[in-house]
Structure formats: C-alpha cells, structure tokens
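Chemist:
Protein chains in written order, with full-length UniProt numbering: chain H, 1 to 552; chain X, 1 to 552.
1. Going by DSSP in three states, residue 350 of chain X sits in which element: helix, strand or coil?
2. Counting only C-beta atoms, is residue 21 of chain H closer than 8 Å to chain X at any point?
3. Please report the distance separating the alpha-carbon of residue 50 of chain X from that of residue 56 of chain X.
4. Pull up the DSSP beta-bridge partners for residue 510 of chain H, would you.
5. Does DSSP classify residue 360 of chain X as helix, strand or coil?
6. Could you tell me which residues DSSP pairs with residue 384 of chain H in its beta bridges?
7. Using the C-alpha atoms, what's the distance from residue 528 of chain X back to residue 356 of chain H?
8. Got a sec? Which residues, its chain only, sit under 6 Å from residue 377 of chain X by beta carbon, not counting five neighbours each side?
9. On the three-state DSSP scale, how would you describe residue 242 of chain H?
10. On a Cα-Cα basis, can you pick out the residue from X:204, X:278, X:373 that is closest to residue 327 of chain X?
11. Just how far apart, CA to CA, sit residue 163 of chain X and residue 77 of chain H?
12. Helix, strand or coil: which one does DSSP assign to residue 72 of chain X?
13. Can you name the residues that DSSP bridges to residue 425 of chain X?
14. Using a beta-carbon distance below 8 Å, is residue 485 of chain H in contact with chain X?
15. For residue 519 of chain H, collect the residues of the same chain with a Cβ closer than 7 Å to its Cβ; drop the 5 residues on either side in sequence, then sort them by chain order.
16. If you measure beta-carbon to beta-carbon, which residues of the region 3-18 of chain H are closer than 7 Å to chain X?
17. Ordered along the chain, which non-local residues of its own chain (more than five positions away) have a Cβ less than 7 Å from that of residue 250 of chain H?
18. What would DSSP say about residue 263 of chain X, mapped onto helix, strand or coil?
19. Measuring CB to CB, does residue 331 of chain X end up less than 8 Å from residue 506 of chain X?
20. Verify whether the separation of the beta carbon atoms of residue 486 of chain H and residue 461 of chain H is less than 8 Å.
21. Do residue 124 of chain H and residue 87 of chain H have their C-beta atoms closer together than 8 Å?
22. For the alpha helix (DSSP H) containing residue 533 of chain X, name the first residue and the last one.
23. Less than 8 Å between CB atoms is the rule here; does residue 320 of chain H satisfy it with respect to chain X?
24. Spell out the partners DSSP gives residue 316 of chain X in its beta bridges.
25. Reducing DSSP to helix, strand and coil, say where residue 177 of chain H ends up.
26. Less than 8 Å between the CB atoms is what I'm expecting for residue 216 of chain X and residue 399 of chain X, so what's the real figure, rounded?
27. Helix, strand or coil for residue 215 of chain H per DSSP?
28. Please list the terminal residues of the continuous beta strand (DSSP E) segment that includes residue 398 of chain X.
29. Give the single residue among H:420, H:179, H:450, H:247 whose Cα lies nearest to the Cα of residue 224 of chain H.
30. Given a limit of 7 Å on CB to CB distance, which residues of the region 466-478 of chain H reach chain X?
31. Among X:120, X:186, X:285, which one has its Cα closest to the Cα of residue 150 of chain X?
32. Quick check on residue 135 of chain H - is its C-beta less than 8 Å from some C-beta in chain X?
33. Grab me the residues of residue 135 of chain H's own chain with a C-beta within less than 7 Å of its C-beta, minus the 5 sequence neighbours each way, in chain order.
34. Return yes when at least one heavy atom of the ligand GTP lies under 7 Å from the C-beta of residue 419 of chain H, else no.
35. Of all the beta strand (DSSP E) runs that stay within the bounds of the region 128-175 of chain X, which reach a length of 3 or more residues?
36. With a threshold of 8 Å between beta-carbons, can residue 522 of chain H be considered close to chain X, or not?
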C-alpha cells in the first residue's frame with residue numbers, strides 16, 4: 001500500500017519536513033494547514049517542491065466546524081471553503097479533510113449535517129476536489145466513525161466520503177468491526193496513529209501523546225486489516241501529534257514513522273523471527289569489571305569469553321565499562337537480518353545497530369553444554385535510552401526483534417524519575433530505561449541465597465536496614481535476605497529474589513531468582529536500590545575529591 | 001500557624017531533604033515512608049538529625065490498605081501496624097497517616113471500617129500514637145472527606161481523627177464547606193497541595209502534577225480559612241508529588257514551598273500592593289537596539305531614558321540586547337518591598353529579584369505628562385523562564401506582585417512547544433514563557449495601522465502571505481493589514497491587532513492595539529510568528545556563515 005505522513009507529525013519548517021519525509025521514502029504527504037500558513041513558500045511552490053521530491057500531496061487538512069450550522073454561518077463557512085478550494089488548486093491537492101464540528105453553534109441534526117455536507121461536496125466537485133468527513137472523538141454531535149458514515153450515506157454525493165482515523169476510533173473504545181460495513185470506495189482516507197493507554201481527556205491525549213503504530217497499545221494491524229477488507233485502496237497515512245516528535249530530529253522521526261508503516265503493511269517484509277535466548281552480552285571492560293565477573297563465578301580460557309551456565313559475557317578492550325552489544329539466539333539468523341534490514345536497521349553481516357547504538361548480533365542456538373556454576377543464564381539486559389528516542393526504541397525492539405512490549409513504568413529516583421519499559425519474548429527480556437546512565441545485566445540462578453553466600457560482600461550493593469524492617473512488617477521471610485542484601489517482591493504468579501553488585505563504569509550486575517511464574521522485574525524495589533546506588537556514587541566522588549580512593 | 005512539608009515534595013536523599021527543609025525555615029516535616037526506607041539513616045538517627053535541625057516530625061506516612069478487610073487480612077494488617085508503631089517510636093513521630101483502602105479486598109462497610117480503625121487506634125494509643133484517617137480521592141469505598149469523618153465519628157476513639165488533604169477534596173469537586181462541621185480537635189492533620197486543572201485520571205493527576213499553593217487553580221485560601229474556623233490548630237503541611245520538583249534543586253524547591261505557605265497563612269505579611277502600571281523596562285543595549293528604539297519613535301535627552309507616550313525604556317551599557325529589569329508603579333513602593341521581603345524575595349533598596357533573574361523596581365506613579373507619539377504605553381512584557389522554574393515563577397509573580405494567573409497555554413513552534421502563561425493586574429501584564437530564548441516588550445498604540453505606516457519596513461518581521469490568505473477566508477478585513485505585516489485576532493470581547501519588529505540579541509518589540517475588551521495576547525498567531533522568527537534567524541546564521549551579513 002502507498003505510504004503517507006501528515007506534516008504535523010515531525011519537526012521543522014514545511015520545507016524541512018517535506019525533505020525529511022521524502023528522504024524517509026514516503027510516497028505521499030498530508031499538508032497540515034498550520035504548516036502551510038507559517039511557510040514562506042506559496043501553495044504553488046509547495047506543489048513544485050513536493051513534485052521535485054517525488055511526493056504526492058494526498059490530503060489538505062483540517063477544515064473545521066463546517067456542518068450542521070445555522071444559515072448565516074453556513075454562508076460564511078461556504079465562503080471560507082471556497083477560499084480553501086482555490087488554495088488547494090494551487091497546491092495540487094484534491095482531497096480535503098473536514099472534521100466533525102466541535103463548535104457550540106453546531107446543531108444536533110444529522111439531516112442538516114448531511115444537507116450542508118452535500119452542498120460542500122457539490123462546491124468541491126466544481127474544483128475537482130473531494131471531501132473526507134472525519135468524526136473527531138470529541139466532536140460535538142458526531143464523535144463516532146459509524147455516525148460520520150451514516151451522515152455521508154444520507155448526503156449521498158460522489159465527492160463526499162469518510163476519513164477514518166485509528167486514534168479517533170480506538171481511543172473511544174469503538175469496535176472497528178463496523179469498518180467492514182463501509183464500501184471501500186467511500187473510505188476516502190485512512191489516518192493512523194497509535195497511543196499509550198492513558199486515562200485522560202481524549203483531546204489532550206490526542207494532541208500530545210499520539211505515537212507511531214507499534215509504539216503504543218492500540219491494535220492497529222487488526223484495524224488496518226478491516227480497512228483493507230472493506231476495499232480501501234488509498235494510502236496508509238500517519239497523523240501523529242506528539243510533544244517529543246515536535247522537538248526531535250525530523251529525518252530520524254520520519255524514518256521511524258516509515259519503519260512503523262513497513263512493519264504494519266508491507267507484505268514483502270520477512271516474517272518475525274522470535275529470539276529463543278541470549279547468546280551473549282558484550283562489554284567494554286577494565287580490570288575492575290574483569291575482577292567482578294570473575295568473582296561472580298565466570299571462567300574464561302581466553303580472557304575474552306567468560307562463561308557460567310548458559311550465560312556468556314564477552315569482555316573486550318580496556319576502557320570505562322559499558323555494555324556495547326548483545327547476541328540473540330534464534331532459528332534463522334539470516335532471516336532475522338533480512339527482516340531488520342527491511343525495517344531500516346543499519347546492518348553489517350549478522351549484526352544490526354539499535355537506535356541507542358547497541359549492536360545486536362543474530363546467532364544460532366549455542367550447542368555446547370552449559371558450564372557449571374550457580375548462574376544459569378542471562379535473565380534480562382537493561383539498556384539506557386535518550387529520552388527523545390524512547391518510543392523509537394520501543395518500536396525497534398518490538399518490530400525488528402519481535403519482543404512484546406509491557407506498559408511503561410515511572411520509578412521514583414532520589415533525583416528524578418526513571419522511566420522503564422520491559423520488552424520480552426520469554427526467555428529474552430530487554431528493559432529500556434530513560435533517566436539513568438547505568439546499564440545492567442541480570443543473571444538468573446536457581447538458588448540466590450546459596451549463590452549470594454559465595455560472593456565477596458564488598459562487591460554487593462549495600463541495602464539499608466530500613467528496607468528490611470519494612471519487609472518484616474509485610475512478610476515473614478528468611479532473615480538471611482537482610483544479611484545478604486537480597487531484595488524481595490511477589491506478584492499473583494510467584495516470587496522474586498534479587499540482589500545487586502556494585503557499579504563499575506556504567507555497568508552493574510543483578511542476580512535474580514524467579515520462583516513460580518513471577519513476571520516482573522522487582523520495580524517496587526527500584527527506588528531503594530537507586531538511592532543506594534546514588535549514595536555509593538556520591539561517596540566515591542567524595543573520596544575521589546579527597547584523594548582517598550576506597551578499595552573498590 | 002506552624003509550617004511543615006512532606007519529604008516527598010522535594011528531591012534528594014532523606015538527609016539532603018531534611019537539610020533543605022530546615023534551611024527554608026519550616027517548623028516541621030512529614031516523613032514519607034519511601035524516603036526512610038531508601039535512607040541509610042536509622043529511624044533514631046533521623047530523629048536526632050531532625051532535632052539538630054530544629055524540625056519537629058509531624059507525621060509518618062502513608063499506611064495503606066488497612067481498614068474494612070476480612071479477618072485474616074486484619075490480623076496481618078495489625079501485625080504490620082505494630083511494626084510501624086515501634087518504628088515511629090524510634091523515629092519520634094506520634095501521628096500516622098492511614099489512607100482509605102484502595103485494595104479490591106476492601107469491603108463496602110462503614111461499620112467494619114469503623115470497627116477496625118477503632119482497633120488500630122487502640123493499638124496505636126498503647127504506643128502514644130494517634131491515627132489520621134484520610135479519604136483518598138480514588139479510595140475504593142471511601143473517597144470523600146465527609147465519608148472519612150463519618151467513619152471516624154462511628155469509631156469514636158480518642159486516638160483516631162481525620163487528615164484533610166486539599167487535593168483529595170478539591171480534585172473531586174467536593175464542597176469544602178463541610179469542613180466546618182468537623183470539630184477542630186478531630187482534624188488531626190492538614191495537607192496542602194494545589195494543582196493545575198487537568199481533565200485526567202485523578203490518581204495520575206495527583207502523583208505527577210500537584211504543586212504548591214498558589215501555583216495551580218484551586219482556591220486554597222478558602223479551604224484553609226474553613227479549616228481554621230473549624231478550630232484546627234495543627235500545622236499547614238505541604239504534600240506535593242510533582243515530576244519537576246523531583247528533579248529540581250531541593251533547597252530552591254523548599255524555599256518556594258515556604259513562600260507558598262507564607263503567602264497563604266502568615267498574617268504578619270504586609271498586604272498585597274497591586275501595581276498600577278509599568279514605570280519602565282530596562283535593557284542591555286547595543287547600537288542595533290538603540291536604532292530600533294529610535295525608529296519606533298522613542299526620544300531621549302540623555303541617551304539612556306527613551307520615552308514615548310507613557311512608555312519608558314532604559315537602555316544601558318553596550319552588549320547583546322536583553323531585558324534585565326522592569327519598573328512597576330504602585331501606591332506604596334516601600335510596602336511592596338516589605339511584602340516581597342517577607343515572601344523571601346532577595347531585595348536591595350526598592351528593587352527585588354525574580355526567580356528568572358529579572359530585577360523588579362517598585363516606583364511611585366510617574367507624574368510628568370506623556371511624551372507625544374503613537375505609542376501610548378507598555379502593554380505587556382514577556383519573560384523567558386527555565387522550564388524547571390515555571391511554577392516557581394508563577395507563584396512569585398502572583399504572590400509578590402499581586403498578578404492574577406491565567407491558564408497555561410501550549411503553543412506549537414516549528415522545533416517544539418512554547419509554554420506560555422499570562423499574569424496580570426490590568427494594566428500590568430507579564431507573560432512567562434518556557435521554550436524560547438526571546439524576550440519581548442509589547443507596546444500599546446491607539447491606531448496600529450497609522451503607526452505601522454511610519455515604521456521602516458526592514459525593521460518589521462515579515463509574515464508569510466499564506467497567513468493573510470487564511471485571514472481572508474475567515475474575515476473581511478482591511479487589506480492594508482497584509483501590506484503592513486499586522487496580525488489579527490478576535491475574542492468574545494473585542495479585537496486585537498499586533499505586529500512584530502525584528503529581533504536584536506534576545507529582544508524584539510511587539511506593537512499592539514486592543515479594540516473593545518479583547519483580553520488575550522494573540523496566541524493563535526504565535527505559531528506563524530515563531531516560524532517567521534526562526535526563519536529569519538536561520539537566514540542570518542547562514543549569511544553569517546557565508547561572511548555575508550545582511551543590512552540588519
């Protein structure tokens with residue numbers, strides 16, 4: 001299907017937006033009126049610029065507060081529409097989006113709405129222009145897509161059809177099944193936006209929190225499938241109002257939008273290859289990190305590959321410790337790379353690069369038997385994301401790596417909030433964090449208490465006694481948790497034990513034991529753990545200032 | 001009244017929070033449990049630290065999901081409470097906040113709730129501790145303060161009273177008049193938070209968007225007056241969950257919170273002195289700015305004070321143009337300074353410093369007759385604010401300068417969003433902007449078209465023709481607006497004409513004409529104007545790179 005995006009979805013001037021949209025490979029563009037009004041380019045210049053860039057102008061939008069008004073207002077509205085039709089002729093746009101009326105002047109009469117939209121369509125027809133009527137979720141009398149379709153049916157004019165917008169349909173909980181009742185040729189346009197599930201005023205939700213398909217929680221594949229089954233042949237067009245995208249790099253946002261449409265609608269993309277395990281995690285290392293890994297019970301024959309159970313760490317170079325790459329096992333590494341490439345991921349041989357710079361290598365399943373040790377495998381890897389690429393990262397890990405997203409969590413930190421979102425296809429779990437600089441690798445073991453007893457206490461993060469006093473108030477737990485610095489959580493499915501090593505460079509390790517079907521990551525304990533990490537860092541900074549470095 | 005603040009309201013470790021709270025002059029503190037759990041200080045150490053700092057521990061909070069539960073859960077909850085009572089003894093806290101139960105396990109029975117709270121109060125009494133029961137706005141069965149009071153009455157135990165929280169009362173639209181029906185001695189605690197009016201889930205609203213009294217839109221003076229009339233004698237205590245405060249400097253936030261309580265409850269603060277006009281605006285100037293001011297028709301005898309009508313600009317020094325100070329006329333400058341000082345504003349003689357660094361000088365009304373000219377006076381001044389001091393600035397201008405706040409607006413800019421809030425006591429209007437680096441002074445005139453005809457076109461910001469095409473579609477206006485680059489808006493009260501000069505340094509001027517009772521600032525035109533300003537800046541940057549400076 002053809003691809004398109006509304007200019008409002010990305011940052012910059014209209015000229016900059018068109019350039020970025022073309023560079024990302026879109027076929028067409030919706031011109032958002034405010035972008036044109038603010039542009040020094042005339043409508044004719046915009047037409048020529050778009051043509052030079054190979055972009056079709058699919059839609060001009062929005063035209064507001066038109067239908068179901070008293071006669072004097074209708075005359076003014078038709079006059080206003082006449083101006084816009086002449087502008088669209090110069091612009092080379094032949095489809096106008098008309099949003100359902102939100103004005104208090106609107107009258108609750110479908111008959112009046114249909115009659116006036118028929119007059120508008122008739123006038124539009126004289127200019128070779130068609131009208132796509134859209135039900136805004138907060139329309140005064142028309143707020144449901146099937147209602148807008150009934151009015152279009154009633155108006156019965158060849159130049160009048162509906163515009164469907166996934167946000168307006170799904171945000172108000174409408175069942176998209178009714179889409180299949182609309183003849184495809186009367187669906188003049190399809191706008192796509194996803195969104196996180198937020199319990200807030202739908203107008204504010206729409207204006208600030210829309211995102212690209214796959215970045216939120218709506219079921220867009222289902223909606224698109226219904227529109228296609230209805231016989232729609234127009235473009236898939238992204239229309240995203242998002243406070244972060246407004247500030248971000250236009251080219252990067254446009255490419256990310258393109259990735260979302262490819263994942264949604266391009267049948268030539270190789271199918272998802274679900275990863276079956278972590279092959280390895282690779283880190284830049286220094287002596288402190290090597291000592292820490294050795295103390296955790298990892299062994300190495302070559303000083304680079306450190307193994308224990310099915311967990312493998314590759315320690316390279318000599319620099320401030322940081323996590324640089326992860327290996328993912330799967331049934332078909334070549335197909336994984338082909339899928340990643342078709343979703344615009346930079347690749348080199350069997351390795352691709354994620355938006356945060358982490359390299360991801362696709363591998364066949366490791367066949368050698370596990371090395372003995374308490375640690376059995378990598379449970380999850382937590383990567384840090386720049387705040388303005390959080391949605392991009394979620395889309396990447398979801399579409400390219402086939403990891404399912406969980407809801408985003410906000411975790412209090414002494415100096416702010418940590419935003420955290422887990423992506424998983426068990427047993428592969430990747431956590432995307434915004435607001436901290438620390439990355440970490442969580443290592444699974446079958447008996448955390450036994451494992452912890454073998455570890456040097458000075459390599460473990462010290463957890464304050466107050467935390468254990470609170471645990472004692474709530475649960476009746478093994479007192480050794482306190483002695484070993486192990487944290488505890490439970491959910492409806494099971495229990496979770498976890499402890500933390502000290503941080504070296506940007507990296508620390510977590511040791512975890514999942515009991516029963518526990519699904520989380522111990523987020524409830526994160527504020528205490530983060531405070532302990534900050535406290536330790538502050539203490540070390542003070543020692544360093546005093547020229548009095550502690551042992552570790 | 002005594003002043004207090006919950007540790008959750010500011011950033012840092014518990015030790016850092018206590019230090020900042022004491023430094024800001026609070027009498028007491030609420031210890032938020034998570035702050036204690038994350039602290040390496042034991043409860044006894046916290047008690048000693050608070051005492052050393054001169055702080056009373058007013059409250060320990062919160063204790064959750066206690067009342068109206070099945071018997072087995074009650075036993076566990078009483079055991080949990082016993083742990084907390086022993087902790088509070090070590091901490092030296094004798095009041096525990098119990099929030100209304102939000103758990104699905106809670107039973108809808110006031111009798112059961114009262115009975116179990118009576119048992120809790122009885123146990124608390126053995127430790128010399130009292131229980132303040134609070135209705136959360138999202139409590140499962142108890143979400144209204146009068147409901148919590150009925151249960152407390154029913155329980156009828158001397159160690160059980162209510163905690164009132166302004167957010168929980170006002171966010172759900174409860175009438176605070178019922179407060180006066182509660183005997184003062186049964187109001188065990190009063191928590192204060194303001195908030196912007198947001199149509200969103202009340203839990204998310206509460207957890208992320210609370211602010212200090214005077215920073216939001218709730219009527220806190222009315223609520224506090226009712227609590228006082230009821231006979232409450234405890235502290236006024238701030239409890240603010242705010243994503244920005246979590247990241248901001250703890251000392252500054254604490255001082256700002258203190259200012260909010262002083263403005264709310266301290267009868268020794270001199271009363272508000274409402275400003276009656278702008279005395280002057282002072283700018284750092286260079287030759288470009290002096291030329292611009294001269295071109296606007298200002299005259300000067302000494303090269304520093306430039307006058308026209310009742311507008312006065314003081315141009316000082318020789319540097320990149322920036323707005324540094326404003327003068328405000330009022331009936332009693334000495335009283336204005338005393339009020340500002342008592343509200344913690346830094347002062348020197350008759351000048352105070354705003355949080356954004358702008359100096360504000362209080363003056364008696366200017367008595368000389370106006371200088372002739374088209375410009376009559378300063379209409380408004382727009383100041384830029386760091387994003388994390390936006391609420392602080394609003395509180396400062398409201399309490400110290402007696403300017404009434406309007407709702408905050410988000411204005412799209414090509415590269416982000418501009419957040420803007422007008423504060424006014426007509427004819428003094430100050431606009432606080434976040435997200436731009438430009439400051440501006442808006443100058444009023446009686447006939448903007450006539451004034452504009454006298455100005456050199458190359459000093460005016462060029463507005464794109466597309467903007468005027470849209471105006472033509474909507475209104476039937478004088479075509480000279482287009483020729484002169486004048487923008488247009490109307491509201492229910494009147495019309496607004498405005499135009500912009502070019503920007504020099506960080507400063508530009510706006511010329512405005514208010515017709516009828518127009519109350520706004522032409523915000524609807526801001527996206528187009530901002531785009532034009534960005535475009536001009538980009539063009540100049542390009543000329544500069546090419547070593548090809550344009551005339552201006």
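Even for Gly, the Cβ is constructed at its ideal location relative to N, Cα and C.
Remember, predicted model here, so these are calculated numbers, not experimental data.
Modeler: Short version:
1. As a working note, residue 350 of chain X is residue 350 in the second chain. Three-state result, residue 350 of chain X: coil.
2. Indexing the first chain from 1 puts residue 21 of chain H at position 21. Closer than 8 Å: no.
3. Counting from 1 along the second chain, the entry for residue 50 of chain X is found at position 50. Counting from 1 along the second chain, the entry for residue 56 of chain X is found at position 56. Cα to Cα, residue 50 of chain X sits roughly 7 Å from residue 56 of chain X.
4. The residue given as residue 510 of chain H occupies position 510 in the first chain. Answer by DSSP bridge pairing, in chain order: H:442, H:500.
5. Counting from 1 along the second chain, the entry for residue 360 of chain X is found at position 360. In the structure shown, residue 360 of chain X sits in a strand (DSSP, three-state: E or B).
6. Within the first chain, numbered from 1, the residue matching residue 384 of chain H stands at position 384. H:433, per the DSSP bridge assignment.
7. Here residue 356 of chain H is taken as the residue at index 356 of the first chain, counted from 1. Here residue 528 of chain X is taken as the residue at index 528 of the second chain, counted from 1. Rounded to the nearest angstrom, the two C-alpha atoms are 34 Å apart.
8. Here residue 377 of chain X is taken as the residue at index 377 of the second chain, counted from 1. Excluding residues within five positions, the ones whose Cβ falls inside 6 Å are 309, 310, 311, 444.
9. Residue 242 of chain H sits at position 242 when you count from the first residue of the first chain. Of the three classes helix, strand and coil, the one that applies to residue 242 of chain H here is strand, per DSSP.
10. Within the second chain, the letter at position 327 stands for residue 327 of chain X. Among X:204, X:278, X:373, the Cα nearest to that of residue 327 of chain X belongs to X:278.
11. Sequence index remark: in the second chain, residue 163 of chain X carries index 163 (1-based). Sequence index remark: in the first chain, residue 77 of chain H carries index 77 (1-based). Going by the C-alpha atoms only, they are around 55 Å apart.
12. The sequence position of residue 72 of chain X within the second chain is 72, counting from 1. In the structure shown, residue 72 of chain X sits in a helix (DSSP, three-state: H, G or I).
13. The count along the second chain starts at 1 and reaches residue 425 of chain X at position 425. Paired residues: X:428.
14. Stepping through the first chain from its first residue, residue 485 of chain H is reached at position 485. Judged by the 8 Å Cβ criterion, residue 485 of chain H is not in contact with chain X.
15. Along the first chain, read from residue 1 onward, the residue named residue 519 of chain H stands at position 519. Excluding sequence neighbours, residue 519 of chain H sits near 491, 493.
16. 11, 12, 13
17. Here residue 250 of chain H refers to the residue found at position 250 of the first chain. Excluding residues within five positions, the ones whose Cβ falls inside 7 Å are 10, 11, 12, 16, 17, 20.
18. As a working mapping, residue 263 of chain X is identified with position 263 in the second chain. If DSSP states are grouped into helix, strand and coil, residue 263 of chain X belongs with the helices.
19. In the second chain, counting from the first residue as 1, residue 331 of chain X sits at position 331. In the second chain, counting from the first residue as 1, residue 506 of chain X sits at position 506. Taking 8 Å as the Cβ cut-off, residue 331 of chain X and residue 506 of chain X do not qualify as a contacting pair.
20. Along the first chain, one-based indexing puts residue 486 of chain H at 486. Along the first chain, one-based indexing puts residue 461 of chain H at 461. It is not a contact, given that the beta carbons lie outside the stated cut-off.
21. Taking the first residue of the first chain as position 1, residue 124 of chain H is located at position 124. Taking the first residue of the first chain as position 1, residue 87 of chain H is located at position 87. Contact: no.
22. If you number the second chain from 1, residue 533 of chain X lands on position 533. Unbroken alpha helix (DSSP H) run through residue 533 of chain X: 526-545.
23. Walking along the first chain from the start, residue 320 of chain H turns up at place 320. No, residue 320 of chain H lies away from the interface with chain X (no Cβ there is under 8 Å from its Cβ).
24. For the purposes of this step, residue 316 of chain X is taken as residue 316 along the second chain, with counting starting at 1. In the DSSP output, where bridge partners are listed per residue, residue 316 of chain X has X:284.
25. Within the first chain, the letter at position 177 stands for residue 177 of chain H. Three-state result, residue 177 of chain H: helix.
26. What you label residue 216 of chain X is simply residue 216 of the second chain in a count that begins at 1. What you label residue 399 of chain X is simply residue 399 of the second chain in a count that begins at 1. Not a contact, Cβ separation roughly 13 Å.
27. Taking the first chain and counting its residues from 1, the one referred to as residue 215 of chain H is at position 215. Coil.
28. Here residue 398 of chain X corresponds to residue number 398 of the second chain, with the count starting at 1. Looking at the DSSP string, residue 398 of chain X is not in any beta strand (DSSP E); the run it does join, the alpha helix (DSSP H), is 390-399.
29. Reading the first chain from its first residue, position 224 is the one you call residue 224 of chain H. Ranking the options by Cα distance to residue 224 of chain H, first place goes to H:179.
30. 466, 467, 469, 470, 472, 473, 474
31. Taking the first residue of the second chain as 1, we reach residue 150 of chain X at position 150. Residue 150 of chain X has its Cα closest to that of X:186, out of X:120, X:186, X:285.
32. Position 135 of the first chain holds residue 135 of chain H. With 8 Å as the cut-off, residue 135 of chain H does not count as an interface residue toward chain X.
33. One-based indexing of the first chain puts residue 135 of chain H at position 135. Cβ neighbours of residue 135 of chain H beyond the five flanking positions: 100, 142, 143, 144, 145, 147, 148, 168.
34. This structure does not include the ligand GTP; it has no bound ligands of any sort.
35. 130-134, 160-165
36. The count along the first chain starts at 1 and reaches residue 522 of chain H at position 522. It does not; no Cβ of chain X falls within 8 Å.
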